[in-house]
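Protein chains in written order, with numbering that gives the first Met the number 0: chain A, 0 to 227; chain B, 0 to 220.
Where is the CB? At the ideal position from N, CA and C, for every residue including glycine.
What you are looking at is a predicted structure, and each value in this text was computed from that prediction instead of being measured.
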Amino acid sequence: MAEEVKLFRTWSSPFALRAVWALKIKGIDYETIFEDLSNKSPSLLQYNPVYKKVPVLVHKGKPIAESLVILEYIDETWKQAPLLPEDPHERATARFWAKFGEDKVLTSIWSVFIKQGKEQEEAMVPALENLKFLEEELKGKKFFGGETIGFVDLALGWLGNLISILEEIVGLKVVDGEKFPLLSAWMQDFADAPIIKDNWPPRDRMIVKFQALRDATIAAAAAAATSK
Amino acid sequence: MAEEVKLFGTWASPFSRRIEVALKLKGVQFEYIEENLSNKSPALLKYNPVHKKIPVLVHNGKPVAESLVILEYIDETWKHNPILPTDPYEKAMARFWAKYMDDKLWPAATKVVVSKGEEQKAVIEEIQEQLKTLESELKEKKFFGGESLGFVDIAANIIVFLLVAQEALGLMEILTEEKFPVLHEWYQRLVDDAVFKECVPPRERHLGFFKARFGSSTASK
């Protein structure tokens, strides 16, 4: 009997991609519902009333929100091609790095992206420090998961695509191949891996979207500053 | 082989106290090391070089950091008196709501103690919206974990800290029985729980802590 699996996502959300990758890696059939976040569907609002965001996974009518929570649910429900290791300490380490990616890497890189001039220079400092920790963590490994892609790779996978897009928009090199040889190699290996490489959103559309997002954020910050 | 379990924490941190609850619920013997965050020990810096924060659990020499990650580690290592459900969907819900405590309640709680006047009132309203959300999630359950304390209840210890701060700073009552009949009862059960109540900061000292740190200019009755 086919299980009913639905994924609410947007064409561009890197968080939703995590769920896409996990489902495809495990060979699970699912239905995709693309959302327009400026006009959210009643279903999305019903399935994620707390945050009203994507991604939401709905399995047999039961919704799960928050992408890392979704990843763990997928891993525990479909046991083929495991994403997390079995050993509790290794699992804890994987969860730690996934959280680090979310709390620190993402926010610090975003900070660089939405700023200009001196503020942007200052924002680079913590961003590079955080990337250095990832570089260290990759020592002796091809992927964060070891020989194969795992939980942490999926959690950090957005770096494999979004970084070069953001770098192009702001004209700044953040992940320099010389400073971050292992991370750069990982980004390439991840981006080109089977399944992963077939699911990136169209680059030109991403550039337009994130350029607009940057412009809007900078404009809003300027307006807020002058109205104080 | 003897197990060696150490917990690096601070007496006033809800994140640190969460770990104490979990270890005590499972009857795990551990050594507690109180850190002075303005003078961090070499051991802490060695065990958590990335964040340099507490809590850190060290089990047979191997460190685990980030309180919710530590809670899951504890549950997977000492399997009796489980704090997470076994069903994957129930587990996902527990993780979602524990995350809600850290992503929503905690930032609002840290804002409320440093804001004043109208801004503070707005933050309190925001917190009450969050409590309303929690109230509807709790429904008729005794605890978020069901019959007994679980992952989400432990993560919800932030509420204890919030209400002690409220009292210390003379703020309006946040978790009123009127507005939150269900959550108010749950809260009483939580703080009366035999294990949980051993793991809250000593009341007078905690009140004094908030008064000293955030007191004098924040009263908004």
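Indicate whether at least one CB of chain B lies closer than 7 angstroms to the CB of threonine 106 of chain A. no
Relative to the C-alpha of lysine 23 of chain B, which residue among B:Glu34, B:Thr9, B:Asn35, B:Val4 is closest? B:Val4
Report the residue from A:Ala64, A:Asp35, A:Leu83, A:Asp86 whose alpha carbon sits nearest the alpha carbon of alanine 93 of chain B. A:Ala64
Could you check where the alpha helix (DSSP H) with glycine 116 of chain B kicks off and where it finishes? 116–137
Please state the DSSP three-state secondary structure of glutamate 33 of chain B. strand
Buried versus exposed call for threonine 106 of chain A [16 or more other C-beta atoms within 10 Å across all chains shown]: exposed
Is there a Cβ from chain B that is less than 7 angstroms from the Cβ of arginine 94 of chain A? yes
Within chain A, the residues that arginine 17 of chain B reaches when beta carbons sit closer than 8 angstroms: Going along chain A, no residue has its Cβ under 8 angstroms from arginine 17 of chain B, so there is no contact; the nearest lies around 15 angstroms.
Compute the Euclidean distance between the alpha carbons of proline 84 of chain A and tryptophan 185 of chain B, then round it to the nearest angstrom. 36 angstroms
For proline 54 of chain A versus arginine 94 of chain A, is the C-beta spacing smaller than 7 angstroms? no
Give the DSSP-derived three-state secondary structure of valine 53 of chain A in the structure shown. coil
By the DSSP assignment, the beta strand (DSSP E) with leucine 206 of chain B in it spans what residues? Per DSSP, leucine 206 of chain B belongs to no beta strand (DSSP E); it is in the alpha helix (DSSP H), 202–213.
In its own chain, which residues sit with a C-beta less than 8 angstroms from the C-beta of glutamate 34 of chain A, not counting the 5 before and 5 after it? Phe7, Arg8, Thr9, Ser40, Leu43, Val53
Minimum C-alpha distance to tryptophan 199 of chain A - residue among A:Val4, A:Lys5, A:Arg17: A:Arg17
I'd like to know whether the C-beta atoms of leucine 56 of chain B and valine 49 of chain B end up nearer to each other than 7 angstroms. no
Could you name the residues that DSSP lists as bridge partners for threonine 216 of chain A? Paired residue(s): none; threonine 216 of chain A is not in a bridge.
Check proline 41 of chain B in the structure and name its three-state DSSP category. helix
Report all residues from its chain with a CB closer than 7 angstroms to the CB of histidine 79 of chain B; omit the five preceding and five following residues, and keep chain order. Lys25
Find the residues of chain A that neighbour alanine 64 of chain B, judging by a C-beta separation of less than 8 angstroms, and give them in chain order. Phe95
Please give me, in chain order, every unbroken run of the alpha helix (DSSP H) with length at least 4 that falls completely inside the segment 117–171 of chain A. 150–155, 158–169
Comparing alpha-carbon positions, which option in B:Gly145, B:Glu118, B:Glu2, B:Lys52 lies nearest glutamate 30 of chain B? B:Glu2
Just by C-beta distance, which residues in the segment 54–75 of chain A are closer than 7 angstroms to chain B? Lys61, Ile63, Ala64, Glu65, Val68, Glu71, Tyr72, Glu75
Valine 19 of chain A: which of A:Leu70, A:Leu181, A:Lys61 sits nearest, CA to CA? A:Leu70
What did DSSP end up calling isoleucine 63 of chain A once you bin it into helix, strand or coil? strand
Interface residues of chain A facing threonine 109 of chain B [CB-CB closer than 8 angstroms]: In chain order: nothing, as chain A lies at least about 15 angstroms away.
Grab me the residues of glutamate 30 of chain A's own chain with a C-beta within less than 6 angstroms of its C-beta, minus the 5 sequence neighbours each way, in chain order. Lys5
Does the separation of the CB atoms of glutamate 75 of chain A and proline 87 of chain B fall below 7 angstroms? yes
Only counting runs of 3 or more residues, tell me where the beta strand (DSSP E) segments fall wholly within the segment 9–36 of chain A, in order along the chain. 30–33
Given a cut-off of 7 angstroms, decide if valine 181 of chain B and glutamate 125 of chain B are closer than it, judged by their beta-carbon atoms. no
For arginine 204 of chain B, count the other beta carbons within 10 Å of its own beta carbon; 16 or more makes it buried, fewer makes it exposed. Which is it? exposed
Is the beta carbon of alanine 91 of chain A less than 7 angstroms from the beta carbon of tyrosine 46 of chain B? no
Taking the straight line between their C-alpha atoms, what separation do you get for alanine 193 of chain B and lysine 39 of chain B? 32 angstroms
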